[in-house]
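These notes are about the structure you will find just below.
Residue numbers (the numbering used here), protein chains in the order written: chain A, 188 to 483; chain B, 11 to 280.
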């Protein structure tokens, strides 16, 4: 009896947090799913249309293109930063840290990490101005170096905009894996490295056979969180390109926003957001499952 | 020789990461005339804050800073409190079904905000909170505390039981045990969470963009982002706005660097 009372009183501490999540996340998400089965402009009564919105999505070229762009952003925000982050972190810890001192490594780490603390919208402003076609800093630099021929309308050219965006996102994202991997490396047993060194393993050999396998948990977490971040990316698109030119940088997150607030096709926007959510949740579940198996 | 080649390649990388910051600062202190003749790469002749001041006045930047500080500060305090209470019930109270409760909280933090935005906009409007700071504070308290709960629960699961038993023998109630034993001992972790919630909320863009429509309620990133989206600014103005957006972020970075690096690693891998 007493045990039951005890549980009851602990439950009380859970109440405010649970209520908040219910009101701000669970109920709104349920409403979003509900809205996705309707045709609704945001005013008046939503009209129930069942799976119509989802059917329309299947044949909507803009929607599929937005997912292809998102794949490119996953490469720019998750795959490349993870690969580069491994090399940079290992270089800073085992090379710079060892031969030049921990302070130097820490300063370099801080430089690489700095873009991560910027509000993404502000980073977008910085880059939209650097990449501006006429008097942007990048084109000005190219002209100053006599490489005028390489100057481009970086964000305004439909063939280039997505690549420019990828570059910006890589710049923003790199610091996160570097910091995580450097912290992870301090957890690794230095004896393994020393043993490999005695066996005559090269730096690259130790990197591949000792560091990378040792960092597996960190690599999983970084890939997962960065992939999710890439799927949700909105602010850089809003500030840099507004999904343009000609839809070349549209992503599902921005496309749903457009449907909600610009085209007033709320039901359709909700369907896009629901698909995106399912994708994120499935991905999370798969990653966690794979990680658990790896730990066993 | 090779050692220095490696060092230099890392220095080049670090410089490449910093270049955008440097040219923002260089251009924000130029006069428009200097910019017009020299372009973005020329070094400024002196430090002129005219552009920054003009931009500050134009967007009432002080007001935006205050809005951001009020929203982020309130969210950080409230979300830490809520997270501690949740984690107390889950990590120490071991409430039944806690694994599933944790899964729900984690999911709540993982959901794309796009899937919440329209209902939140609609609900905020329905209860008269649309375009108020309070709406944004409530929303982010829920979202941040979902993550905080996940993180703190694992910390508090390992909380030394003897301390709690000792408090109970001294006649402490659950509330007293929380406030007098658990919170003081967890202070370092709570501090890191506070810093994180503050900065994350400060940097948020999407939901504040939708929920705060009027000028006098907007946060720093929203005000700058909306102006940029409208493409009304000239180059000097843009660099001034970028500088004003960058400065608080760098200030936080310098103030909290240790907490930040400790925090992201704590959050990433238990």
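From the three backbone atoms N, C-alpha and C, an ideal C-beta is built for every residue, glycine too.
According to DSSP, residues forming a beta bridge with residue i
i, result
"residue 226 of chain A", "A:234"
Distance, residue j Cα to residue i Cα
i, j, result
"residue 82 of chain B", "residue 141 of chain B", "16 angstroms"
"residue 210 of chain A", "residue 304 of chain A", "30 angstroms"
"residue 406 of chain A", "residue 475 of chain A", "12 angstroms"
"residue 59 of chain B", "residue 66 of chain B", "10 angstroms"
"residue 91 of chain B", "residue 262 of chain B", "22 angstroms"
"residue 41 of chain B", "residue 332 of chain A", "25 angstroms"
"residue 99 of chain B", "residue 129 of chain B", "29 angstroms"
"residue 84 of chain B", "residue 145 of chain B", "12 angstroms"
"residue 229 of chain A", "residue 154 of chain B", "28 angstroms"
"residue 215 of chain B", "residue 423 of chain A", "10 angstroms"
"residue 452 of chain A", "residue 226 of chain A", "7 angstroms"
"residue 244 of chain A", "residue 212 of chain A", "25 angstroms"
"residue 298 of chain A", "residue 24 of chain B", "5 angstroms"
"residue 363 of chain A", "residue 164 of chain B", "22 angstroms"
"residue 411 of chain A", "residue 54 of chain B", "44 angstroms"
"residue 293 of chain A", "residue 280 of chain A", "9 angstroms"
"residue 419 of chain A", "residue 438 of chain A", "9 angstroms"
"residue 337 of chain A", "residue 327 of chain A", "11 angstroms"
"residue 244 of chain B", "residue 167 of chain B", "55 angstroms"
"residue 73 of chain B", "residue 237 of chain B", "16 angstroms"
"residue 94 of chain B", "residue 413 of chain A", "27 angstroms"
"residue 310 of chain A", "residue 445 of chain A", "22 angstroms"
"residue 409 of chain A", "residue 479 of chain A", "15 angstroms"
"residue 279 of chain B", "residue 202 of chain B", "For residue 279 of chain B, the pLDDT reaches just 48, beneath the cut-off of 50, and the residue's location in the model is therefore unreliable, although a value from the coordinates is still provided. Distance between the alpha carbons of residue 279 of chain B and residue 202 of chain B is about 15 angstroms."
Residue i - DSSP class collapsed to helix/strand/coil
i, result
"residue 40 of chain B", "coil"
"residue 57 of chain B", "coil"
"residue 279 of chain A", "helix"
"residue 247 of chain B", "helix"
"residue 451 of chain A", "coil"
"residue 285 of chain A", "helix"
"residue 16 of chain B", "helix"
"residue 290 of chain A", "helix"
"residue 188 of chain A", "Confidence is the limiting factor: at residue 188 of chain A the pLDDT is only 40, short of 50, which leaves the residue's position unreliable, though a coordinate-based value still follows. Coil."
"residue 50 of chain B", "coil"
"residue 101 of chain B", "helix"
"residue 341 of chain A", "coil"
"residue 262 of chain B", "helix"
"residue 228 of chain B", "coil"
"residue 72 of chain B", "helix"
"residue 280 of chain B", "With a pLDDT of 42 at residue 280 of chain B, under the threshold of 50, the predicted position of this residue should be treated as unreliable, and no value is reported."
"residue 219 of chain A", "helix"
"residue 123 of chain B", "coil"
"residue 429 of chain A", "coil"
"residue 268 of chain A", "helix"
"residue 128 of chain B", "helix"
"residue 347 of chain A", "coil"
"residue 465 of chain A", "helix"
Cβ-Cβ separation, residue j to residue i (assumed contact under 8 angstroms), whole Å
i, j, result
"residue 234 of chain B", "residue 251 of chain B", "5 angstroms"
"residue 127 of chain B", "residue 447 of chain A", "7 angstroms"
"residue 39 of chain B", "residue 57 of chain B", "5 angstroms"
"residue 318 of chain A", "residue 325 of chain A", "6 angstroms"
"residue 352 of chain A", "residue 436 of chain A", "5 angstroms"
"residue 366 of chain A", "residue 296 of chain A", "7 angstroms"
"residue 228 of chain B", "residue 222 of chain B", "5 angstroms"
"residue 184 of chain A", "residue 315 of chain A", "The requested residue 184 of chain A is not part of the displayed model; chain A covers only 188 to 483."
"residue 116 of chain B", "residue 45 of chain B", "Contact flag wrong, Cβ pair sits at about 48 angstroms."
"residue 240 of chain A", "residue 378 of chain A", "Incorrect: roughly 58 angstroms between the Cβ atoms, too far for contact."
Residue i: contacting residues in chain D (beta-carbon distance under 7 angstroms)
i, result
"residue 213 of chain B", "Structure shown: chain D not included; protein chains present are A and B."
Proximal residues, the segment 146-164 of chain B versus chain A, C-beta separation under 8 angstroms = If the cut-off is 8 angstroms between Cβ atoms, the segment 146-164 of chain B has 148, 149, 151, 152, 153, 155, 156, 159 near chain A.
Can you list, in chain order, the residues of the segment 216-228 of chain A whose Cβ is nearer than 7 angstroms to any Cβ on chain B?
-> Look at the segment 216-228 of chain A: the residues with a C-beta under 7 angstroms from a C-beta of chain B are 216, 218, 219, 222.
Residues of the segment 432-444 of chain A whose Cβ lies closer than 8 angstroms to any Cβ of chain B, in chain order = Listed in sequence order: 439, 440, 443, 444.
Report the residues of the segment 112-141 of chain B with a CB closer than 9 angstroms to any CB of chain A, ordered along the chain.
-> So the close ones are 114, 115, 116, 117, 118, 119, 120, 121, 122, 123, 124, 125, 126, 127, 128, 129, 130, 131, 132, 133.
Compile a chain-ordered list of the residues in the segment 169-190 of chain B whose CB is closer than 7 angstroms to at least one CB of chain A.
-> Only 184 from the segment 169-190 of chain B bring a Cβ to less than 7 angstroms from some Cβ of chain A.
Contact residues within the segment 239-266 of chain B, judged by C-beta distance below 8 angstroms to chain A | Against chain A - using a Cβ distance shorter than 8 angstroms - the residues of the segment 239-266 of chain B are 239, 245, 248, 249, 251, 252, 255, 256, 259, 260, 262, 263.
Give, in chain order, every residue of the segment 44-65 of chain B whose Cβ lies closer than 7 angstroms to some Cβ of chain A.
-> Residues 49, 50, 51.
Against chain B: residues of the segment 338-363 of chain A by CB proximity under 9 angstroms = When CB distances to chain B are screened at a threshold of 9 angstroms, the residues of the segment 338-363 of chain A falling below it are 358, 361, 362, 363, in chain order.
According to a CB-to-CB cut-off of less than 9 angstroms, which residues of the segment 276-289 of chain A neighbour chain B?
-> Flagged, chain order: 278, 279, 282, 283, 286, 287.
Along the segment 298-311 of chain A, what residues have a CB closer than 9 angstroms to any CB found in chain B?
-> Result list: 298, 299, 300, 301, 302, 303, 304, 305, 306, 307, 308, 309, 310, 311.
Mind checking the segment 257-270 of chain A against chain B and listing, in chain order, the residues whose C-beta falls within less than 8 angstroms of any C-beta there?
-> Taking 8 angstroms as the Cβ-Cβ cut-off against chain B, none of the residues of the segment 257-270 of chain A qualify.
Any residues in the segment 194-209 of chain B with a beta carbon nearer than 9 angstroms to a beta carbon of chain A? Which ones, in chain order?
-> Per Cβ criterion, the list reads 209.
Taking a Cβ distance cut-off of 8 angstroms, strictly less, list which residues of the segment 460-475 of chain A are near chain B, in chain order.
-> Those residues of the segment 460-475 of chain A that come within reach of chain B (Cβ to Cβ, closer than 8 angstroms) are 460, 461, 463, 464, 467, 468, 471.
Relative to chain B, which residues along the segment 396-413 of chain A have a C-beta separation below 8 angstroms, given in chain order?
-> Along the segment 396-413 of chain A, going in chain order, the ones with a CB nearer than 8 angstroms to a CB of chain B are 404, 405, 408, 409, 412.
Of all the residues that make up the segment 218-231 of chain B, which are near chain A by a beta-carbon distance shorter than 8 angstroms?
-> Legend: CB atoms of the segment 218-231 of chain B lying less than 8 angstroms from CB atoms of chain A belong to residues 219, 220, 230, 231.
Mind checking the segment 74-100 of chain B against chain A and listing, in chain order, the residues whose C-beta falls within less than 8 angstroms of any C-beta there?
-> Listed in sequence order: 92, 93, 95, 96, 98, 99, 100.
Chain A contacts made by the segment 17-34 of chain B, where a contact means CB separation under 9 angstroms | So the close ones are 17, 19, 20, 21, 23, 24, 25, 26, 27, 28, 29, 30, 31, 33, 34.
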